[in-house]
């Protein structure tokens, strides 16, 4: 495992109260629908074990991960709640998943046969969900083969066909075309379920809604929803944030990134700090060094985009290119000292910098910003 940088003044704070607030918002939107919290990719960069434990304590019914190792990490940490693998896994790894009491996803006829074979060899009864591809074109059994796959699973005494689901590709889109496509996905999925029902196959757990579906497409709620981003305090798109606001509901970012100034020096006008000497200082300035770099998840592109950090309740721009381990900050003529608190993401006084800001500056998506926070950044649960 990568080492955490516990001996340097840079860390991520994970707010238990913000997480509980977001779960409450999701519960308000979902009503009786169960909540499966997605904690893949190290809990969207927040720390998988930490947020999984907090989410279950806050009212989540189950968890979902992308790969077996993520599920095993949670089991080894003592998590006993149901954990769903969101994609079909290679046949050679099915035994490891079942031995860790992870719920399989099957998305092909071959996968159904492999799951049945391994489960039978292992003995006992193991939970499985059938994934149907309704237009994402990434993983999942095709609608025309869904019944055949479901029969293989339902006929295996060592498997319990607990669930059936699909995944949206443009549920966050606001255009008529995007909304129509999501509606078609819902309709296709409903036809598949109806066909299975006519043959006596009715998995009790039915789920379609990701974060965007949960907020923007109420007909997708079914018996279970699989939100990710909204639980961490961000809306997948502006119109979905507006939909929440119309119900007097707001999300609270769970993660903040904090550090302390570790060095200062005075530089004259025209000097060019950092690698590449990319930008000359217009005026003499105090340059503050902050121990956080692109190896920690701070994108290099933020320099050219004009990103800021917060020190002593004020915004300051980067003075030079982002380096692997450090940032250089242009503090002008203000007094900034070693040990002063720095906020890279989060709130300081009346100022705030969000992962949405970083995503806009870096011309990417909020998911990537959060998931890219480096493993060596310690995650600390607060409040």
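In the working numbering, the protein residues as written are 25 to 407. Cβ coordinates follow ideal geometry from the N, Cα and C atoms, glycine included.
Taking a cut-off of 8 Å on C-beta distances, the segment 333-347 touches the segment 361-372, as three or more cross pairs fall below it. Between the segment 32-47 and the segment 80-89 there are three or more C-beta pairs closer than 8 Å, enough to call the two in contact. When secondary structure is reduced to three states using DSSP, residue 45 falls in the helix class. Contact between residue 33 and residue 194 fails: their C-beta atoms lie close to 42 Å from each other, not under 8 Å.
Secondary structure note for residue 394: it is in no beta strand (DSSP E), and the uninterrupted alpha helix (DSSP H) holding it is 390-395. Judged by DSSP in its simplified three-state form, residue 213 adopts helix. DSSP, read as helix, strand or coil, puts residue 309 in strand. Counted as a single uninterrupted DSSP element, the beta strand (DSSP E) harbouring residue 36 occupies residues 34-39. As the crow flies, the alpha-carbon of residue 128 is around 14 Å from that of residue 105. Non-local beta-carbon contacts of residue 306 in its own chain, meaning distances under 8 Å to residues more than five positions away in sequence, involve 293 in chain order.
Approximately 24 Å separates the beta-carbon atoms of residue 184 and residue 215; this is outside 8 Å, ruling out the contact. Across the set 401, 407, 406, the C-alpha of 401 shows the shortest separation from the C-alpha of residue 27. Taking a C-beta distance under 8 Å as the contact criterion, residue 350 and residue 315 qualify as a contact pair.
Residue 235 is positioned such that its CB atom lies no closer than 8 Å to that of residue 247. The alpha-carbon of residue 392 is positioned some 26 Å away from that of residue 99. In the structure shown, residue 280 falls within a strand segment according to DSSP collapsed to helix, strand and coil. Bounds of the beta strand (DSSP E) holding residue 340 are 338-341.
Assigned with DSSP and collapsed to three states, residue 351 falls in strand.
For residue 243, no alpha helix (DSSP H) encloses it, and the DSSP letter there is neither H nor E.
Fully enclosed alpha helix (DSSP H) runs of no fewer than 4 residues occupy 118-123, 133-146, 170-178 of the segment 108-187, in order along the chain.
Distance between residue 267 and residue 46, taken at the CA atoms: about 15 Å. Under the 10 Å beta carbon count, residue 142 is surrounded by 16 or more other beta carbons and is classified as buried.
Residue 323 sits away from residue 62, with the two beta carbons spaced by 8 Å or more. Residue 265: member of the alpha helix (DSSP H) spanning 262-269, first to last residue.
Apart from the 5 residues on each side of it in sequence, residue 258 sits with its Cβ closer than 7 Å to the Cβ of 275, 277, 379, 380, 390 in its chain, given in chain order. Here residue 405 is bridged, per DSSP, to 38. Around the CB of residue 77, 16 or more other CB atoms lie within 10 Å, so the residue is classed as buried. The three-state reading of DSSP puts residue 275 in coil, since its state is none of H, G, I, E or B.
In terms of CA proximity to residue 237, 205 leads the group 218, 205, 220, 221. For residue 236, the three-state secondary structure derived from DSSP is helix. Nearest C-alpha to residue 70 among 93, 35, 90, 95: 35. Bridge pairing for residue 365: 284 [DSSP]. The three-state reading of DSSP puts residue 225 in coil, since its state is none of H, G, I, E or B. The closest CA to that of residue 87, considering only 60, 356, 303, is found on 60.
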